[in-house]
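As structure tokens, the structure follows; a few thoughts come after it.
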Amino acid sequence: MSDWQKILRDGSIDTLEKLADKFGRDVIDVEALKPAFDNFQMRITPAALNQIREVGDPMWNQYVPTVQELDVVDGVIDSLDEDADSPVPNITHRYPDRVLFLVSPVCASYCRFCTRRRKVGDPEKIPLNQYDSAFEYIRQHPEVRDVILSGGDPMMLSDRRIEYILQNLRAIPHVEIIRLGSRITSHLPERITPEFCDMVQKYHPIYMNTHFNHPSELTEASRAALDRLSRAGVVLGCQTVLLKGVNDSPEVMMKLMHELLKARVRPYYIYMADQVAGGEHFRTQVQKGLEIVKALRGWTSGLAVPHFVIDAPGGGGKVPLLPEYVEEITDDEVIFRNYEGKRFTYKQPKTASPACPTEPAAEPDIVPIEIAASKGRATRKRKSANG
Ligand code: SF4
341 MSDWQKILRD GSIDTLEKLA DKFGRDVIDV EALKPAFDNF QMRITPAALN
391 QIREVGDPMW NQYVPTVQEL DVVDGVIDSL DEDADSPVPN ITHRYPDRVL
441 FLVSPVCASY CRFCTRRRKV GDPEKIPLNQ YDSAFEYIRQ HPEVRDVILS
491 GGDPMMLSDR RIEYILQNLR AIPHVEIIRL GSRITSHLPE RITPEFCDMV
541 QKYHPIYMNT HFNHPSELTE ASRAALDRLS RAGVVLGCQT VLLKGVNDSP
591 EVMMKLMHEL LKARVRPYYI YMADQVAGGE HFRTQVQKGL EIVKALRGWT
641 SGLAVPHFVI DAPGGGGKVP LLPEYVEEIT DDEVIFRNYE GKRFTYKQPK
691 TASPACPTEP AAEPDIVPIE IAASKGRATR KRKSANG
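In our numbering, the protein residues as written are 341 to 727.
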């Protein structure tokens, strides 16, 4: 057993009794929490536990089950309808050039707002013995140039198994990039071992979509793990979920984005919390997300401003949302406001740009690009002045 597996096994809290022992029975209402613990799986790793300062703080809220999870108002079990876009087990193929490949059924810590909570923690729903049909599906689809490994958390697999997956994907010529979607740098930074970093370098380009929701998660250990990944050439981005009681304030989000950049992680998305059953108490109004983006854009560097998106319920994919800056667009001008609310006008060009004419240019000396099909390459032919 690896060191990180021992840390996970021996140091995590996975029962109400252990939680009460750790935080004190005078602080925790054991009877009130019991129905939640009877119904839902939980595990909090030592790293995540260390981030909790007090009961009910943003870190506590992310990991400790509550009876609110039993209240389903308009939440949906598979809120993104991922199963409808699953042609073979473990694959979701929704967008033209990329697939989601679920490779691990487990996570180090279990987040209470998880979109995939219907599957996560259940090895029957993300079977480890059904990779072959997924590899075959990707092999048969040359349009797939980007594979996102997810789960659960792919970093919960052994190095040997991750390498097996990477080897198989790298043997498919049209797979250009591989992404690991993982919250491990926050939950179990010890998992980013030198051995893993040595191994992963053989399969570049590898990206990791990390997941941080609060600046407190950027601990010294997390930053060191991110540094090891950066030095191994893994390109780091971050996906953040907008969560009530965790990060629903411009100040917290600004601080989070700055801490990420200091750790060489590019903020990539802020997601509206999905309409997932059991996670409804984390949802904010969409206006809150727009307020946060408006508080970032212009007030800090663009590098610190991720895309704010709603993953459309029912499987529509990610849709970006922007605060309204444009007031009016005509053929003559565009009127808009800047980040400070000041009004500006941009004059439209008076004539159609020659770079994009509405009619093809009348140039008798030039014929269109022809595909030299027999040679399998494109050539540009120009007639001589004498024809
Ligand atoms: S780490 Fe990701 S997949 Fe696992 S429980 Fe949290 S949000 Fe869900």
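Glycine included, every Cβ here is placed at the ideal spot set by N, Cα and C.
Nearer than 6 Å: is that true of the beta carbon of residue i relative to any heavy atom of the ligand SF4?
i, result
"tyrosine 679", "no"
"aspartate 418", "no"
"tyrosine 611", "no"
"arginine 531", "no"
"valine 460", "yes"
"arginine 568", "no"
"arginine 523", "yes"
"cysteine 578", "no"
"tyrosine 450", "yes"
So, is residue i buried or exposed, given that buried needs 16 or more other C-beta atoms within 10 angstroms?
i, result
"serine 498", "exposed"
"histidine 514", "exposed"
"proline 545", "exposed"
"threonine 525", "buried"
"tryptophan 344", "buried"
"proline 607", "buried"
"alanine 702", "Because the pLDDT at alanine 702 is just 46, under 50, the model does not fix this residue reliably, and the value given afterwards should be weighed accordingly. Label assigned to alanine 702: exposed."
"serine 522", "buried"
"proline 482", "exposed"
"asparagine 549", "buried"
Excluding five sequence neighbours on each side, which residues of the same chain lie with their C-beta closer than 8 Å to the C-beta of residue i?
i, result
"isoleucine 347", "Thr385, Pro386, Leu528 and Glu530"
"isoleucine 466", "Asn430, Leu442, Val443, Ser444, Pro445, Lys459, Val460, Gly491 and Gly492"
"tyrosine 477", "Pro427, Val428, Ile431, His433 and Val439"
"glutamine 688", "Thr670, Asp671, Asp672, Glu673 and Val674"
"glutamine 507", "Tyr543"
"threonine 640", "Met594, Met597 and His598"
"methionine 341", "Arg349"
"asparagine 553", "Pro398, Gln402, Thr580, Val581, Leu583, Val586, Asn587 and Leu596"
Note down, in chain order, each residue of its chain lying with its Cβ closer than 6 Å to the Cβ of residue i, except the 5 sequence neighbours on either side.
i, result
"lysine 658", "Val649 and Asp651"
"valine 592", "none"
"valine 367", "Val395"
"aspartate 421", "Gly654 and Gly655"
"leucine 359", "Ile353"
Please list, in chain order, all residues of the same chain as residue i whose beta carbon is under 7 Å from its beta carbon, the five residues on each side excluded.
i, result
"alanine 424", "Gly655"
"isoleucine 392", "Met399 and Trp400"
"serine 473", "Val428 and Pro429"
"glutamate 409", "Ala376, Phe380, Arg452 and Gly618"
Does the beta-carbon of residue i, which I'm using as the reference point, lie nearer than 6 Å to any heavy atom of the ligand SAM?
i, result
"aspartate 493", "Among the ligands modelled here, namely the ligand SF4, the ligand SAM does not occur."
Which residues does DSSP list as the beta-bridge partners of residue i?
i, result
"glutamine 579", "His551 and Tyr609"
"aspartate 486", "Arg438 and Ile517"
"glycine 491", "Ser444"
Meets three-Cβ-pair contact criterion under 8 Å: the region 577 to 584 and the region 629 to 647
Segment contact: the region 577 to 584 against the region 629 to 647, three or more CB-CB distances shorter than 8 Å; contact assigned.
Give a yes or no on contact between the region 607 to 624 and the region 447 to 456, applying the rule of three or more CB pairs nearer than 8 Å.
The region 447 to 456 and the region 607 to 624 touch, with three or more beta-carbon pairs separated by less than 8 Å.
Three CB pairs or more closer than 8 Å across the region 557 to 575 and the region 597 to 615
When C-beta atoms of the region 557 to 575 are compared with those of the region 597 to 615, three or more pairs fall below 8 Å, so the two segments count as touching.
Are three or more beta carbon pairs between the region 404 to 416 and the region 362 to 379 nearer than 8 Å?
The region 362 to 379 and the region 404 to 416 touch, with three or more beta-carbon pairs separated by less than 8 Å.
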